[in-house]
Structures are given as C-alpha cells and as structure tokens.
Amino acid sequence: MRIRSLAAALSTATLLVGCSPPDAATSEAPAARGTLYIVGVDVSGSRKPTQLLEGQRLMDGLIDRMTNGDKLVVLQTYQAGTDASEVWEEAIPPARTPGRPNGADVKKAEQFRRTARLITATFFDSTKTKNVMTTDLLFTIGRAADHARASGGRGTVLVLMSDMLNATPELNMERKGGVPDERWIAQRKAQNRLPDLRGVCVVVAGADVSSSRGAATRVFWSAYFKAVGAELPASNYRNMISDAGEVACEGA
Numbered sequence: 043m044r045i046r047s048l049a050a051a052l053s054t055a056t057l058l059v060g061c062s063p064p065d066a067a068t069s070e071a072p073a074a075r076g077t078l079y080i081v082g083v084d085v086s087g088s089r090k091p092t093q094l095l096e097g098q099r100l101m102d103g104l105i106d107r108m109t110n111g112d113k114l115v116v117l118q119t120y121q122a123g124t125d126a127s128e129v130w131e132e133a134i135p136p137a138r139t140p141g142r143p144n145g146a147d148v149k150k151a152e153q154f155r156r157t158a159r160l161i162t163a164t165f166f167d168s169t170k171t172k173n174v175m176t177t178d179l180l181f182t183i184g185r186a187a188d189h190a191r192a193s194g195g196r197g198t199v200l201v202l203m204s205d206m207l208n209a210t211p212e213l214n215m216e217r218k219g220g221v222p223d224e225r226w227i228a229q230r231k232a233q234n235r236l237p238d239l240r241g242v243c244v245v246v247a248g249a250d251v252s253s254s255r256g257a258a259t260r261v262f263w264s265a266y267f268k269a270v271g272a273e274l275p276a277s278n279y280r281n282m283i284s285d286a287g288e289v290a291c292e293g294a
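For reference, each letter of the sequence shown is one residue, going 43 to 294 in our numbering.
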C-alpha cells in the first residue's frame with residue numbers, strides 16, 4: 043500500500059536520528075506518557091475539497107503540538123462491508139527523563155513531525171472522494187475503540203474530521219428521515235453492539251451545525267458517545283476548528 047511504503051522509508055530515516063547506544067543505568071525506557079490522538083478522516087463524496095483542506099490544516103497543527111510520549115493513529119473512514127481502508131500509526135519515543143527532554147529526544151520529536159506531516163497529507167487527497175461510495179462511521183469508531191485499548195497509559199483523544207453522516211444500508215443518515223433517535227442506540231446497547239470508549243475525549247470537526255438535519259445528527263451523536271462512555275462536550279462538536287489547541291476536553 044502506498045502509505046505503508048512511504049512510512050517504511052521514513053521510519054528508516056527516523057531510526058538514524060539521535061541514535062546512540064544506551065548506557066547501563068538508562069537502558070530501560072521510561073513508561074509511555076502523553077496523549078494518544080486517534081484521527082478519523084472522512085474522504086467520502088459528501089466532503090468538499092475545502093473541507094479536506096481545513097482538515098489537513100488542523101492535522102498539521104495537531105502534529106506540531108505533539109511531543110515526546112505522544113502517539114498518533116490516523117484512520118480513513120471505512121466503507122460499508124470492508125476493512126480495506128488506510129491506517130497509519132506512529133509514536134514519539136518518551137523522553138529519557140520524563141518532562142525533561144534532552145537534545146536527542148527533541149530531534150526524535152522533530153523527525154516524527156516531519157514524517158507525520160508527509161504521510162498524513164496523503165489522507166486528504168480529494169481525488170479519493172469519487173471512489174468512496176459509503177461512510178461507515180460506526181465501524182470506524184469501533185476500530186478507534188480498539189486502538190484506544192492499546193493507549194499504553196496515555197490519555198486518548200478521538201478526532202473525527204467528518205460531516206458525521208453515517209451512510210450504510212443499516213444506518214443511512216443521508217436519506218430523508220434517516221437520523222434515528224435514542225431508541226436505536228438503546229437497541230444496539232441491549233445487543234452488546236456498542237464499543238467501549240470510556241474515558242476518551244471526542245472532538246468533531248466538519249459537522250453540519252446549522253440545518254435541522256444537522257441538529258438531529260448532533261443530538262444522535264451526543265447520545266451515542268454518552269452511551270459508550272466517551273466525553274463529547276457541546277463545544278467540541280463543530281463545523282470547523284482552526285486552532286489545534288482546542289482539540290481537547292476541559293480538564294484533560
């Protein structure tokens with residue numbers, strides 16, 4: 043896959059940065075700390091090139107804020123009935139002395155940012171939209187929950203760059219009257235079909251927040267994330283986020 047090939051080449055370059063043999067006293071790496079950012083990128087046909095550009099700018103800003111101990115997982119939103127979507131993940135090694143990064147630690151973080159910017163840019167290619175016929179946000183969120191379970195002790199932030207319109211045969215929110223109420227969520231919960239996102243901070247960028255359908259969609263997802271144990275403050279459900287510093291939950 044193109045992204046994996048690029049990642050392999052860049053990862054090799056990363057290993058050459060700041061490499062020095064560990065001494066006996068510090069050979070054991072400190073426990074991972076920091077934040078796990080899981081970013082779902084929606085490239086479906088309903089997403090305009092300008093929205094993808096806004097998403098890429100937000101991604102770049104997020105990467106620029108990442109530091110030693112942080113990890114990034116990027117998921118292309120899945121299509122109905124397939125798991126063949128692009129995924130990339132990489133972490134910045136934690137500082138040898140927590141909270142006090144040395145020169146080698148800083149270089150590793152800088153190399154990560156350069157690599158991450160190049161690779162994540164491929165997720166926002168507007169030419170892909172014509173090939174994405176459905177948007178399975180529910181499956182994407184389920185995969186995000188799997189990644190959150192492997193956070194390594196990091197706090198987790200799930201960023202969904204999407205219009206939040208799930209479009210699958212089971213749940214097509216793009217059709218008229220296609221946004222269900224909380225009974226749909228309760229039914230899936232009774233069937234044990236909800237993911238576990240306890241303690242995860244959720245941020246949405248790209249949703250419709252002005253139309254009646256957009257309002258109904260917002261109510262649905264607010265109830266959904268509450269049911270799965272995640273935190274989605276009202277201020278985190280937005281059409282656009284220009285400052286990556288707002289990608290967080292209060293107190294996180």
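Beta carbons: idealized from backbone N, C-alpha and C, even for Gly.
For K150, DSSP records no beta bridge to any residue. In the DSSP assignment, M203 falls within the beta strand (DSSP E) that extends over G197 to M203. Y79 is a Cβ neighbour of L104, given a cutoff of 8 Å. Annotation note: the region 183-237 contains the following uninterrupted beta strand (DSSP E) runs of length 3 or greater, listed N- to C-terminal: 197-203. Check the Cα spacing between S277 and each of A186, V246 and A265: the tightest is with V246. The continuous alpha helix (DSSP H) containing V261 extends over residues S254 to A269. Here the alpha carbon of M203 sits roughly 33 Å from the alpha carbon of R142.
For the 8 Å CB-CB criterion, Q118 and F165 form a contact. In this structure, DSSP gives E273 an extended state, which the three-state scheme calls strand. Counting the other Cβ atoms within 10 Å of the Cβ of D285 gives fewer than 16, which makes it exposed. In the DSSP assignment, L117 falls within the unbroken beta strand (DSSP E) covering K113 to Q118.
The alpha carbon of G219 has as its nearest neighbour, out of T139, R230, L207 and S88, the alpha carbon of L207. For the pair A258 and V251, the Cα-to-Cα distance works out to about 9 Å.
Taken through DSSP and simplified to helix, strand or coil, L179 comes out as helix. Judged by beta-carbon spacing, L239 lies within the 8 Å limit of A190, meaning their Cβ atoms are closer than that value. With a 10 Å radius around the Cβ and a threshold of 16 neighbouring Cβ atoms, D112 comes out buried. Taking a contact as a CB-CB distance under 8 Å, the pair P136 and G76 counts as one, their CB atoms being some 7 Å apart.
Comparing alpha carbon positions, the residue from A146, T157 and E273 closest to A133 is T157.
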